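Asks:
Residue numbers (our numbering): 1348 to 1470.
#1: Out of 1422, 1410, 1402, which one is the CA nearest neighbour of residue 1453?
#2: Determine the contact status of residue 1380 and residue 1422, defining contact as a CB-CB distance below 8 Å.
#3: Quick one: grab the DSSP three-state call for residue 1374.
#4: Measuring straight from C-alpha to C-alpha, what distance separates residue 1441 and residue 1394?
#5: Under the DSSP definition of a beta bridge, which residues are partnered with residue 1402?
#6: For the alpha helix (DSSP H) containing residue 1419, list its first residue and its last residue.
#7: So the candidates are 1404, 1415, 1458, 1368; which of them puts its Cα closest to the Cα of residue 1383?
#8: Once you ignore the five residues that flank residue 1413 on each side, which residues in its own chain have a CB closer than 6 Å to its CB?
#9: Please classify residue 1447: does DSSP put it in a helix, a strand, or coil?
#10: What does the alpha-carbon distance come out to for the pair residue 1432 and residue 1375?
#11: Closer than 7 Å to a non-hydrogen atom of the ligand HEM - does that hold for the CB of residue 1397?
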């Protein structure tokens, strides 16, 4: 699977030029056989360094490598995948708060969809 389409790459690069903003995650990557979920909001000009929320057992904000995600070889010929159905209008800070409260990005998905934008990000 191609992890980044041209459109996703362009959106991530555009966000990467605006470092101080609380961007909405553009893409979600996941390990289909176990732990590992990444929400990416930005891509550096180097084309490899992504920024976002990573969860390898505990959710944390930081940078991660697209090349490293691509190079993961799992059993049965599988690798890290892109969630083609992922879409959100919630900022990364909302995701981070929900993931820390819930204990993981996967558990946070159930919280984030229940947030009423008219009431703010209280949950």
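We treat Cβ as the ideally placed atom computed from N, Cα and C, and that holds for glycine.
The structure displayed is predicted, hence computed values, not measured ones.
Replies: So, from the data block:
#1: For residue 1453, the closest of 1422, 1410, 1402 by C-alpha to C-alpha distance is 1402.
#2: For residue 1380 and residue 1422, yes; Cβs fall inside 8 Å.
#3: Strand, per DSSP.
#4: Answer to the nearest angstrom: the Cα atoms are 26 Å apart.
#5: 1384, 1406, per the DSSP bridge assignment.
#6: For residue 1419, no alpha helix (DSSP H) encloses it, and the DSSP letter there is neither H nor E.
#7: The residue among 1404, 1415, 1458, 1368 with its C-alpha nearest the C-alpha of residue 1383 is 1404.
#8: Closer than 6 Å at Cβ, skipping near neighbours: 1395, 1397.
#9: Reduced to three states, the DSSP call for residue 1447 is helix.
#10: Taking the straight line from one Cα to the other gives about 9 Å.
#11: The model depicted lacks the ligand HEM and carries no ligand whatsoever.
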